[in-house]
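All remarks here apply to the structure that follows.
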Amino acid sequence: MNSRFVIICIKIIPVVIAVFAIIEIFCINELAGSGKVVESVDNSIASLRQENDLLDQQVASASSLMTIASKSQLVGFIVPNKSQYLTVTSDELPVALHTQ
Amino acid sequence: MWRVNVLFFLILCAFTLIIVRLFYWQILSGDALRQQAYDQYNLELTLPAQRGQIKFSDNAPLVMNEPSYLVYAQPKEINSKEQFSRLIAPILSLDEQSVFSDISAEGRVWVPLAKKVDSAAVDTLQQLHELGLGFEPMSKRYYPEASMAAQLTGFVGSDQYGNDKGYFGLEGFYDRELRGKDGYIQAEKDVNGAPIPIEGETRIEAENGSTLTLSIDRTIQRIVESRLSDGVAAYGAKSGSVVIMDPSTGGILAMASYPSYDPLNYDAFDKSLYVNPVVADAYEPGSTFKVLVMSAAINEHVVTPETIMDENGPVQVGPYLIRTWNNQYHGPQTMTQIIQNSSNVGMVFVENKLGRDKMLQYIHSFGIGALTNIDLQDEATPLLRSDSDWKDIDLATASFGQGIAVTPLQMVRAVSVIANGGWLMEPHVVQSIIDSRGRMIDIPPKRIRQVVSKETTDFMKAIMINAVDNGEAKFAKPKGYTIAGKTGTAQIPVAGHYDATKTIASFIGFAPADHPLFVMLVTINQPTSSQWGSETAAPLFFTIAHDIFMYKGIPPQP
Chain P
47 MNSRFVIICI
57 KIIPVVIAVF
67 AIIEIFCINE
77 LAGSGKVVES
87 VDNSIASLRQ
97 ENDLLDQQVA
107 SASSLMTIAS
117 KSQLVGFIVP
127 NKSQYLTVTS
137 DELPVALHTQ
Chain B
16 MWRVNVLFFL
26 ILCAFTLIIV
36 RLFYWQILSG
46 DALRQQAYDQ
56 YNLELTLPAQ
66 RGQIKFSDNA
76 PLVMNEPSYL
86 VYAQPKEINS
96 KEQFSRLIAP
106 ILSLDEQSVF
116 SDISAEGRVW
126 VPLAKKVDSA
136 AVDTLQQLHE
146 LGLGFEPMSK
156 RYYPEASMAA
166 QLTGFVGSDQ
176 YGNDKGYFGL
186 EGFYDRELRG
196 KDGYIQAEKD
206 VNGAPIPIEG
216 ETRIEAENGS
226 TLTLSIDRTI
236 QRIVESRLSD
246 GVAAYGAKSG
256 SVVIMDPSTG
266 GILAMASYPS
276 YDPLNYDAFD
286 KSLYVNPVVA
296 DAYEPGSTFK
306 VLVMSAAINE
316 HVVTPETIMD
326 ENGPVQVGPY
336 LIRTWNNQYH
346 GPQTMTQIIQ
356 NSSNVGMVFV
366 ENKLGRDKML
376 QYIHSFGIGA
386 LTNIDLQDEA
396 TPLLRSDSDW
406 KDIDLATASF
416 GQGIAVTPLQ
426 MVRAVSVIAN
436 GGWLMEPHVV
446 QSIIDSRGRM
456 IDIPPKRIRQ
466 VVSKETTDFM
476 KAIMINAVDN
486 GEAKFAKPKG
496 YTIAGKTGTA
506 QIPVAGHYDA
516 TKTIASFIGF
526 APADHPLFVM
536 LVTINQPTSS
546 QWGSETAAPL
556 FFTIAHDIFM
566 YKGIPPQP
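Given below as C-alpha cells:
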C-alpha cells in the first residue's frame, strides 16, 4: 500500500511541477503587463500630490494677513485708532459670574 | 605551397580585423555601448525633494512651495518651428526670435525653454496641443504674505549647476536643512517605457527639506513693516530698521528694514537690498549707548542713581572739548538726570569713574564687536579697535556712543541684558526644526553670560523709565504704560569727519518695564523732518509699542 502511494506521488510530481510552472509563467506575464497600471498609479500619486500642494497654496493665500486685511477693509472694518479698556473689580463682576 | 601561405595570411588578416573590431566594441566603445543598452532597458527617475517650509510662530506659512514646471522643446518633433516660436514665446514671456534660434540650432534634441513656470501658464500651453512641447514638474517658492520679512528669509536662486540654492537670511543659513535629499527610482522598463514590476526595483523616496518654525510673530511683523514704511516716508528718511526681541529667550519677534525687496523677483532689485541691515549694517549708536556705560558703572558701584556730578560746562579731554547736545548745562545732576537729559558731559564723568579697563571689559561683556551668532547668513560685525589702541578721547566719546560702531542686533541684545535681569542671550530666529520624518528638534534659549547683577538692572530700569517719562520724547509715550527707553541721535561719519546734517536717529527700549515682553530698537537713517531721535525714532517706537499692547491685550494702568 505504502509503496503504491510513493509511486503515485512520484508520478504526480512532474505534473505538479508543470502546473506550477504554467502558473508562474501566467503570473509573470500578468505582472510584466501591469507596468502600465503601475505607471498610471505613479502618475496619479504625482498628480494628487501636486493638487494637494496647489490647495495648500490656496489655503495659505486665503488665510494670509494681507488677504484678511484687504477683505476686512472691503466689508467695512477699520483699524481702531483709540481703544478703551473697562476695568471691572471683583465686587463689580456681573451677577451671572457670581457663584455663591 | 604559396597558396596555403596566402590563405593563411588572409585568415590571419581576417582574424586581426576581427580582433581589432572586437577591441573597438569591447574596450574603446564598451562603456558607451553598455550605457546605451542599460538606457534601453532601464528606467531611472529622480524624485525631487521639496524644499522645506518656513513658518511663523503660529504655524502660518511664511515661505512655502507651489507646483511649477520646466517647459522644454524637442525640436525633432516640431512641425513648424516658426509657428511654435510665435505661439509659445509670448506665454512664457520670452523673445520669439531667441526661442526660434534655440530650437533651430544644429543637433539639438532637447531644449529647456523656461524654468519654474506656474500652473496657469502651463494650462494655457497645454491647450495649444503643440507637438514637441514638454513639461517636467518642479516646485518653486511661494510667499503667502508677499514680501513680508524678505531680508530675514533671503531667497532661493540657482547654483552653478542650475540647482536651487538659498542665499542670505534663513534660506542661506539653513540651506542644507531646507534643501532635503532627492530620491530616485531604478527599474527595468518595457518597450513602451513602462516599468516591469517583476524585476528588482530600487526605489529610494525623496527626503523633503525640514520645516523651520520661527519665533517671528506674524502680527507683530506686519505691524512693524507697516509702521516702519509709514515712518520712513513721514520723516523723509533714507531708510529705517526695527528689530524686536524677547529678552527672556533671545527669540526675535520681528525684524524689518525699509526699503526691502521682493524675494520672488529678487533680480529686479538692487543687490545692496539683499543684505539684512539689522544684522549686517554698522552704525554709531549715539546716546542709546549711554545706558550700557551707566549699567557698567552702577554694577561696579562707582556710581549710584543718586550720585551727583556738577554739569557746569564743557569738559576737556586732551585737546578736545566735549559739550552737551544742546550746549546747555544744568549744574548738579544725578545719574538718573544725566540719562534723562542725555548729557555727554555727564557720561564722560561716569566713564572716568569707571576707568579704562572696566570700560573696555564691559564693552566686550555686552557683546559689542562680536558676532551674536544669530542664525542668519548675512551677519557681520564692525571691528572694535584693539584694547591697547583706545585713547582717552576714544573712551570719552564711546561713553556717549560716538566713535564706536555696532549693528542694531548687537544693540538690542545688549539692552536685553537690562530687561531680563542681567543675562546676555544668544539671539535666534528659528525656535524648532521639523524634519521630513516628523521629528522635532527644539532650539532652546541660550544664555551666554551674566553681565550685570539683577540689582543693577533694577536701578537701570528705573533710570530708563524716568528717561521716557521726563525726557525729550515724553510727548509721544502712550499713556498708562511703563516703558523704559532711551533716545539716540548719532552723526554719520563721512570721509573722516562727522556730517552735521546727516544723522541716524534711534530709540531703544523695552515694555512693559516691570515684566518686559519685548525689547525694541528703531533706527531712522538720515531723517529730514527732524534730525533728532526724540522726534522721529521715539514716536515710531511708541506707535509700534502701542499696537503691540493692543494686540497682546495689555491694558493701560489707570
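Here the protein sequences line up with chains P and B, keeping their order.
Residues in the first sequence are numbered from 47 upward in steps of one, following my numbering.
Residues in the second sequence are numbered from 16 upward in steps of one, following my numbering.
All C-beta atoms, glycine included, are put in the ideal place defined by N, C-alpha and C.
| Asked | Found |
| --- | --- |
| Inter-residue Cα distance where the pair is VAL432 (chain B) and ASP393 (chain B) | 24 Å |
| DSSP-derived helix/strand/coil call for TYR56 (chain B) | helix |
| Entirely enclosed alpha helix (DSSP H) segments - the region 145-178 of chain B, minimum 4 residues | 165-168 |
| Residues that LYS82 (chain P) contacts on chain B, provided the C-beta gap is smaller than 8 Å | ASN207, ALA209 |
| Under 9 Å by beta carbon: chain B residues contacting GLN147 (chain P) | Nothing can be reported for residue 147 (chain P): it is not among the residues displayed for chain P, which extend from 47 to 146. |
| Spatial distance of TYR199 (chain B) from LEU167 (chain B) (CA atoms) | 33 Å |
| 4 or more residues per run - each alpha helix (DSSP H) lying fully within the region 389-430 of chain B | 407-413 |
| Buried versus exposed call for HIS512 (chain B) [16 or more other C-beta atoms within 10 Å across all chains shown] | exposed |
| VAL466 (chain B) versus HIS379 (chain B): straight-line alpha-carbon distance, rounded | 10 Å |
| Element boundaries [beta strand (DSSP E), containing GLU550 (chain B)] | Where GLU550 (chain B) is concerned, there is no enclosing beta strand (DSSP E), given that its DSSP letter is neither H nor E. |
| In DSSP terms, what TYR513 (chain B) is bridged to | B:PRO508 |
| 7 Å Cβ cutoff, GLU85 (chain P) in contact with chain B | yes |
| Cβ-Cβ distance between LEU536 (chain B) and ALA429 (chain B) below 7 Å | no |
| 7 Å Cβ cutoff, GLY565 (chain B) in contact with chain P | Checking the sequence, you will find Met at residue 565 (chain B) rather than Gly. Closer than 7 Å to some Cβ of chain P, the Cβ of MET565 (chain B) qualifies, so yes. |
| Given 8 Å, three or more beta-carbon pairs between the region 145-158 of chain B and the region 64-80 of chain B | yes |
| Inter-residue Cα distance where the pair is ARG66 (chain B) and GLY224 (chain B) | 5 Å |
| Within-7 Å CB hit, SER90 (chain P) to chain B | no |
| GLU76 (chain P) in three-state terms, based on DSSP | helix |
| Stretch-stretch touch, CB-based, cutoff 8 Å, three pairs: the region 224-237 of chain B with the region 253-269 of chain B | yes |
| Spatial distance of PRO423 (chain B) from ALA88 (chain B) (CA atoms) | 50 Å |
| Proximity test, ILE449 (chain B) beta-carbon vs the ligand SAH heavy atom, cut-off 6 Å | Although the ligand SAH was asked about, the structure shown includes no ligands whatsoever. |
| Alpha-carbon to alpha-carbon, GLY184 (chain B) and ILE313 (chain B) | 37 Å |
| Three-state secondary structure assigned by DSSP to LYS253 (chain B) | coil |
| THR135 (chain P) in three-state terms, based on DSSP | coil |
| DSSP state of PRO347 (chain B) mapped onto helix, strand, coil | strand |
| Residue-chain proximity (PRO570 (chain B), chain P), Cβ-Cβ < 7 Å | yes |
| Interface flag, GLU94 (chain P) vs chain B, CB-CB below 7 Å | The residue you asked about is not Glu; residue 94 (chain P) is Leu in the sequence shown. Cβ-Cβ to chain B under 7 Å: no for LEU94 (chain P). |
| Distance between GLY328 (chain B) and GLN130 (chain P) (C-alpha atoms, nearest Å) | 47 Å |
| Spatial distance of LEU148 (chain B) from SER93 (chain P) (CA atoms) | 19 Å |
| Any chain P beta carbon closer than 7 Å to GLU59 (chain B) | no |
| Enclosing alpha helix (DSSP H) for TRP17 (chain B) [first to last residue] | 17-38 |
| Meets three-Cβ-pair contact criterion under 8 Å: the region 478-497 of chain B and the region 104-114 of chain B | no |
| Selection from B:ILE267, B:ASP205, B:SER310, B:ALA283 that minimises the alpha carbon distance to ASP473 (chain B) | B:SER310 |
| Bridge partner(s) assigned by DSSP for GLN201 (chain B) | B:GLU59, B:THR217 |
| Proximity of ILE408 (chain B) and GLY503 (chain B) at Cβ, strictly below 7 Å | no |
| Cβ neighbours of ARG464 (chain B) in the same chain (closer than 8 Å, five flanking residues each side left out) | SER380, TRP438, LEU439 |
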